[in-house]
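> Just passing along the structure, written as structure tokens.
In the numbering used here, the protein residues as written are 4 to 213.
As structure tokens, then:
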């Protein structure tokens, strides 16, 4: 079985490791973390990733840096793309149509439904029970929270967060670095980055931490 290393040993890193192991995708050999914790599988800091790959200590990499750190997720991916292969963990309980296009470094948790001709970019996370309808595109480095529903022919640009139980109707375009709050319902295109809340979703504030 191929060996996986994960950047970030917090909750998301541990979640990737859990499903990668228990759903029989990878042998998880350890984590890279600049802050460290009590995890005994810390292999080093982020600056050590390439050297340990060059030594043959792992085969694939995934990014376990998550919510509210979209810029950093993108920076890490860009740092190692075309140098180290990124793994995908797509849980066996999720339905992913055979026509779906999936990038690298993608994490799809249990119970998701991904319909025909959907495009998922690189370094995308789909949490539990996400539904993405036909012909929609989720661009790279996005984080889709549990039970979010995205209707057909919708485009979510890079580095967006779609909150838990949020709903996006069909034929929309959501600009990069947008956060849709939990439970919000998006019925219009979003052209200005920021936090959007409510039903229907309205601009709330700038969201520079993304």
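Note that the Cβ used here is the ideal one computed from N, Cα and C, for glycine as well. Keep in mind it's a predicted model, so treat the numbers as computed, not measured.
Put residue 73 into one of helix, strand or coil per three-state DSSP.
As a working note, residue 73 is residue 70 in the chain shown. Of the three classes helix, strand and coil, the one that applies to residue 73 here is helix, per DSSP.
> Comparing C-alpha positions only, which one of 58, 37, 114 sits nearest to residue 67?
Looking up residue 67 in the chain shown gives position 64. Comparing alpha carbon positions, the residue from 58, 37, 114 closest to residue 67 is 37.
> Could you tell me how far apart the beta carbons of residue 150 and residue 132 are, in whole angstroms, since I believe they sit closer than 8 Å?
Mapped onto the chain shown, residue 150 falls at position 147. Mapped onto the chain shown, residue 132 falls at position 129. Correct: roughly 5 Å between the Cβ atoms.
> CB residue 159 to CB residue 165, shorter than 8 Å?
Walking along the chain shown from the start, residue 159 turns up at place 156. Walking along the chain shown from the start, residue 165 turns up at place 162. Yes. Within cutoff.
> Can you have a look at residue 205 and say buried or exposed, based on whether 16 or more other CB atoms are within 10 angstroms of its CB?
Here residue 205 refers to the residue found at position 202 when the chain shown is read from its first residue. Result: exposed.
> Check each candidate in 120, 178, 24, 187 and name the one with the smallest Cα separation from residue 152.
On the chain shown, position 149 is the one that residue 152 refers to. Ranking 120, 178, 24, 187 by Cα distance to residue 152 puts 187 first.
> Within 10 angstroms of the Cβ of residue 33, are there 16 or more other Cβ atoms? Answer buried if so, exposed if not.
The residue labelled residue 33 in the question sits at position 30 within the chain shown. Residue 33 comes out buried.
> The alpha helix (DSSP H) that contains residue 52, what's its start and end?
In the chain shown, the residue the question calls residue 52 occupies position 49. 52-57 is the span of the alpha helix (DSSP H), which, as asked, contains residue 52.
> Spatial neighbours of residue 10 within its chain, please: C-beta separation below 8 Å, excluding the five flanking residues on both sides.
Indexing the chain shown from 1 puts residue 10 at position 7. Same-chain partners within the cutoff: 16, 34, 35, 36, 49, 52, 64, 65, 66, 67, 68, 79.
> Please name the residue, chosen from 71, 137, 62, that lies closest to residue 98 on a Cα-to-Cα basis.
Within the chain shown, the letter at position 95 stands for residue 98. Comparing Cα positions, the closest option is 137.
> Quick check: what's the CA-CA separation for residue 70 versus residue 191?
By one-based count along the chain shown, residue 70 stands at place 67. By one-based count along the chain shown, residue 191 stands at place 188. Near 24 Å, if we compare the C-alpha coordinates of residue 191 and residue 70.
> How far does the beta strand (DSSP E) with residue 33 in it reach, from first residue to last?
To locate residue 33, count along the chain shown from 1; it is residue 30. Per DSSP, residue 33 belongs to the beta strand (DSSP E) from 30-35.
> Among 90, 114, 55, whose alpha-carbon lies nearest the alpha-carbon of residue 105?
To locate residue 105, count along the chain shown from 1; it is residue 102. Of the listed residues, the one whose Cα sits closest to residue 105 is 90.
> Report the three-state DSSP secondary structure of residue 16 (helix, strand or coil).
Along the chain shown, one-based indexing puts residue 16 at 13. Here residue 16 sits in helix by DSSP.
> Grouping DSSP H, G and I as helix and E and B as strand, with all else coil, what is residue 49?
Position 46 of the chain shown, counted from the start, is the residue given in the question as residue 49. Residue 49: helix per DSSP, three-state reduction.
> For residue 5, which three-state DSSP category applies?
Mapped onto the chain shown, residue 5 falls at position 2. Residue state, collapsed to three classes: coil.
> Rounded to the nearest angstrom, what separates residue 110 and residue 20 at their Cα positions?
Counting from one through the chain shown, the residue named residue 110 turns up at place 107. Counting from one through the chain shown, the residue named residue 20 turns up at place 17. Using only the alpha carbons, I get a separation of about 11 Å.
> Which residue comes first and which comes last in the beta strand (DSSP E) that contains residue 67?
Within the chain shown, numbered from 1, the residue matching residue 67 stands at position 64. It is not in any beta strand (DSSP E) - residue 67 carries neither H nor E in the DSSP assignment.
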